[in-house]
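Throughout, my numbering is defined as the position within the sequence shown, counted from one, plus 402.
A quick write-up on the structure given underneath.
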Amino acid sequence: MSLRKKLANIAAAEIGVREVGGNNRGPKIVEYQSATWLKPAPWPWCAAFVCWVIKKWLEDLSVREGLSLRNDKPLNAWRPKTAAAFDFIRWAKDKNLPVLGRSARALAGDLAVFDFSHIGIVIRDQSADSDQIITVEGNTNGKGDRDSSSGDGVWRKIRPTRLVRSYVRITEL
403 MSLRKKLANI AAAEIGVREV GGNNRGPKIV EYQSATWLKP APWPWCAAFV CWVIKKWLED
463 LSVREGLSLR NDKPLNAWRP KTAAAFDFIR WAKDKNLPVL GRSARALAGD LAVFDFSHIG
523 IVIRDQSADS DQIITVEGNT NGKGDRDSSS GDGVWRKIRP TRLVRSYVRI TEL
């Protein structure tokens, strides 16, 4: 299994997590937020979810070896810790990872940074003839917006590629 597919599988395993006790709250949300540099609190957590997934992914020795990350110090220095979706583009450029435009064909494990300051993880390779991607996203809901009274959480989403600002492709080093 490819390294990026492993990343997609970790994200997909979180589908169904929901906020508990109010907007942007709950034990699992705090866990996601703890993967960032920002103290957990009721703030939007889509980027925190992606940081947490990457942190979990890096616990796999084969992933660390594939990325040439051999001990804890480079591991923590390498992974993103941002609470902002657009910061993933800067992080990728700092790590010499490809940042691709919306016209690129998305692959499982790509990070999809959306124009509306949101981020998700692509879980299935985009069909060559499709203008949609399938993602897993935190801090969203079945309708596709954020901060709703219907209960935000981690959802599988189908999004049109016109909403994508950039894809970050984590590649083996």
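Glycine included, each C-beta is placed from N, C-alpha and C at the ideal position.
In this structure, does DSSP put residue i in helix, strand or coil?
{"i": "Ile521", "result": "strand"}
{"i": "Lys408", "result": "helix"}
{"i": "Phe516", "result": "strand"}
{"i": "Thr537", "result": "strand"}
{"i": "Thr563", "result": "helix"}
{"i": "Trp557", "result": "strand"}
{"i": "Val452", "result": "helix"}
{"i": "Ser529", "result": "coil"}
{"i": "Arg420", "result": "strand"}
Whole-angstrom Cβ separation of residue i and residue j, contact assumed at under 8 Å?
{"i": "Trp447", "j": "Asn426", "result": "6 Å"}
{"i": "Leu513", "j": "Val452", "result": "6 Å"}
{"i": "Ala614", "j": "Val538", "result": "A query on residue 614 cannot be resolved here, the shown segment of the chain reaching from 403 to 575 and no further."}
Output the distance between the C-alpha atoms of residue i and residue j, rounded to the nearest integer angstrom.
{"i": "Phe516", "j": "Leu565", "result": "6 Å"}
{"i": "Ala486", "j": "Asp462", "result": "25 Å"}
{"i": "Lys483", "j": "Asp489", "result": "9 Å"}
{"i": "Asn473", "j": "Trp445", "result": "31 Å"}
{"i": "Arg492", "j": "Gly423", "result": "33 Å"}
{"i": "Leu499", "j": "Gly511", "result": "13 Å"}
{"i": "Ala494", "j": "Thr438", "result": "16 Å"}
{"i": "Ser519", "j": "Pro476", "result": "28 Å"}
{"i": "Asn541", "j": "Lys407", "result": "22 Å"}
Output yes or no for whether 9 Å exceeds the beta carbon distance between residue i and residue j.
{"i": "Lys458", "j": "Ile412", "result": "yes"}
{"i": "Arg558", "j": "Ile417", "result": "yes"}
{"i": "Leu405", "j": "Ser470", "result": "no"}
{"i": "Ile456", "j": "Leu509", "result": "no"}
{"i": "Glu609", "j": "Gly522", "result": "Residue 609 lies beyond the stretch modelled for the chain, which goes from 403 to 575, so this question has no answer here."}
{"i": "Arg507", "j": "Ala530", "result": "yes"}
{"i": "Ala450", "j": "Leu460", "result": "no"}
* Is the segment 489-503 close to the segment 528-542, with three or more CB pairs under 8 Å? -> no
* Pair every Cβ in the segment 558-573 with every Cβ in the segment 426-437, then say whether three or more of these pairs are closer than 8 Å. => no
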